[in-house]
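Position in the sequence shown (first residue = 1) + 1 = the numbering used here. All C-beta atoms in this analysis are idealised placements derived from N, C-alpha and C, irrespective of residue type, glycine included. Structure, as structure tokens:
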Amino acid sequence: MIDDLKAMAIFAETIKRGSFRAAANALDLSPSVVSYQITKLEERLGSALIYRSTRKLSMTAEGEVLYAHATHMMDQAELGIRSVSGHDHATGRLNVTLPLSMNGDILTEQLAAFARENPGIDCHFIFDDARLDLVAEGIDIAFSLGSLPDSALNVKRIGTRGRTLVCSPDYYKKHEEPHHPRDLKDWDWIKHDILPGNRTLYKGKERVDTNLTGHVSANSSVAMVEFTVAGLGLCTAGDWLIEDHLKEGRLIRVLPEWDVEEMPLYAVWHGNISDCSNTRRLLNFLADY
Numbered sequence: 002m003i004d005d006l007k008a009m010a011i012f013a014e015t016i017k018r019g020s021f022r023a024a025a026n027a028l029d030l031s032p033s034v035v036s037y038q039i040t041k042l043e044e045r046l047g048s049a050l051i052y053r054s055t056r057k058l059s060m061t062a063e064g065e066v067l068y069a070h071a072t073h074m075m076d077q078a079e080l081g082i083r084s085v086s087g088h089d090h091a092t093g094r095l096n097v098t099l100p101l102s103m104n105g106d107i108l109t110e111q112l113a114a115f116a117r118e119n120p121g122i123d124c125h126f127i128f129d130d131a132r133l134d135l136v137a138e139g140i141d142i143a144f145s146l147g148s149l150p151d152s153a154l155n156v157k158r159i160g161t162r163g164r165t166l167v168c169s170p171d172y173y174k175k176h177e178e179p180h181h182p183r184d185l186k187d188w189d190w191i192k193h194d195i196l197p198g199n200r201t202l203y204k205g206k207e208r209v210d211t212n213l214t215g216h217v218s219a220n221s222s223v224a225m226v227e228f229t230v231a232g233l234g235l236c237t238a239g240d241w242l243i244e245d246h247l248k249e250g251r252l253i254r255v256l257p258e259w260d261v262e263e264m265p266l267y268a269v270w271h272g273n274i275s276d277c278s279n280t281r282r283l284l285n286f287l288a289d290y
């Protein structure tokens with residue numbers, strides 16, 4: 002029975018992570034050991050639990066039933082340990098990814114506060130403007146700015162982030178003073194690789210969609226701001242990224258009477274997480290924060 006419980010725990014982690022390799026990394030085992038444990042469990046049950054393919058794993062009908070029981074088993078074990086220990090002390094690992102540009106944003110401060118309050122959790126923060134594959138990279142939860150593609154993952158909008166239309170003083174002087182977004186049609190824009198090729202500006206009830214033209218793009222918001230400071234064109238940058246540049250005169254606001262549509266901030270995580278999971282603990286912490 003002990004061997005079965007161990008194998009069930011490995012099976013549950015494999016489904017949660019989406020691959021043998023990701024589960025092995027999370028459990029500090031080799032992929033061959035993970036595969037062996039699940040194969041032996043299938044042999045003991047006389048049923049296949051997982052459809053194996055080169056691209057992804059999926060559960061059989063029997064696997065779905067066992068996964069529900071295995072998840073419940075892990076939840077109850079975690080609750081039992083916490084009850085006997087007399088305190089709610091979480092352990093394990095939590096892999097989190099968020100945009101590189103959010104280094105310095107309040108979200109980073111909140112994540113630091115979470116890590117301080119949960120010293121038993123090994124928190125691994127990955128700052129990357131690219132949208133990483135949660136399954137392939139073994140990530141528990143991602144925070145993403147801007148619109149998201151459709152997926153089977155859980156998605157929750159947790160806030161917005163303001164941004165401002167700016168350019169360098171030298172670049173501004175090369176053009177006639179604009180009074181409306183349409184006056185920017187001949188201006189160059191610094192574009193971000195993963196954001197749409199248009200921006201919405203608004204003043205009161207008037208809204209204008211502007212297509213971005215220009216020959217410079219980057220996969221980093223930080224780099225995009227630096228190219229703007231260097232006089233290569235306009236950009237709409239997160240307010241927290243350009244505050245010092247505006248104060249020190251390296252950047253100026255363009256069309257200050259017009260605002261840029263804010264970017265939504267989303268949390269993205271795997272389905273079927275338990276109430277005792279570190280992912281749920283982080284989500285609850287951010288909600289309370």
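Separation of residue j from residue i, as counted between CA atoms
i, j, result
"arginine 53", "serine 59", "7 Å"
"arginine 254", "glycine 105", "21 Å"
"glutamate 207", "glutamate 263", "15 Å"
"glycine 272", "methionine 75", "16 Å"
"asparagine 119", "threonine 201", "40 Å"
"histidine 70", "arginine 132", "32 Å"
"isoleucine 39", "asparagine 212", "52 Å"
"tryptophan 1", "serine 148", "An answer regarding residue 1 cannot be provided, because it is not within the stretch 2 to 290 covered by the chain."
"proline 197", "glycine 163", "16 Å"
"tryptophan 190", "glycine 160", "26 Å"
"alanine 8", "leucine 42", "6 Å"
"valine 217", "valine 226", "12 Å"
"leucine 233", "alanine 268", "33 Å"
"valine 167", "glutamine 111", "28 Å"
"tyrosine 37", "cysteine 277", "27 Å"
"arginine 183", "leucine 154", "39 Å"
"threonine 214", "aspartate 187", "8 Å"
Residue i in three-state terms, based on DSSP
i, result
"histidine 70", "helix"
"isoleucine 195", "coil"
"glycine 81", "helix"
"histidine 216", "coil"
"tryptophan 241", "helix"
"aspartate 1", "Absent from the structure is residue 1, since the part of the chain shown begins at 2 and ends at 290."
"isoleucine 122", "strand"
"leucine 202", "strand"
"isoleucine 274", "coil"
"arginine 1", "Since the first residue of the chain shown is 2 and the last is 290, residue 1 is not available in this structure."
"aspartate 187", "coil"
"aspartate 210", "strand"
"glycine 139", "coil"
"aspartate 260", "strand"
N- and C-terminal bounds of the alpha helix (DSSP H) containing residue i
i, result
"valine 226", "222-230"
"arginine 18", "3-18"
"asparagine 26", "21-28"
"leucine 146", "First-last for leucine 146: 142-146, but that is the beta strand (DSSP E), not the alpha helix (DSSP H)."
"leucine 101", "That residue, leucine 101, is in no alpha helix (DSSP H); it is neither H nor E in DSSP."
Opening and closing residue of the beta strand (DSSP E) in which residue i lies
i, result
"histidine 176", "Here histidine 176 belongs to no beta strand (DSSP E), and DSSP marks it neither H nor E."
"lysine 157", "155-162"
"serine 59", "58-60"
"arginine 281", "Run containing arginine 281: none in the beta strand (DSSP E); it sits in the alpha helix (DSSP H), 279-289."
"arginine 45", "Careful: arginine 45 lies outside any beta strand (DSSP E), inside the alpha helix (DSSP H) at 32-46."
"arginine 53", "51-53"
Cβ of residue i within 8 Å of any chain C Cβ
i, result
"tyrosine 173", "Absent from the structure is chain C; it holds one protein chain and no more."
Assess, as a yes-or-no matter, whether the segment 240-256 is touched by the segment 124-139 under the definition of 3 or more beta carbon pairs within less than 8 Å. No, because fewer than three Cβ pairs between the segment 124-139 and the segment 240-256 fall closer than 8 Å, the two stretches do not touch.
Between the segment 93-100 and the segment 122-131, are three or more C-beta pairs nearer than 8 Å? Three or more pairs of CB atoms, one per stretch, sit closer than 8 Å, so the segment 93-100 contacts the segment 122-131.
Do three or more CB pairs link the segment 3-20 to the segment 110-118 at distances below 8 Å? Inter-segment contact for the segment 3-20 and the segment 110-118 is absent: fewer than three beta-carbon pairs are separated by less than 8 Å.
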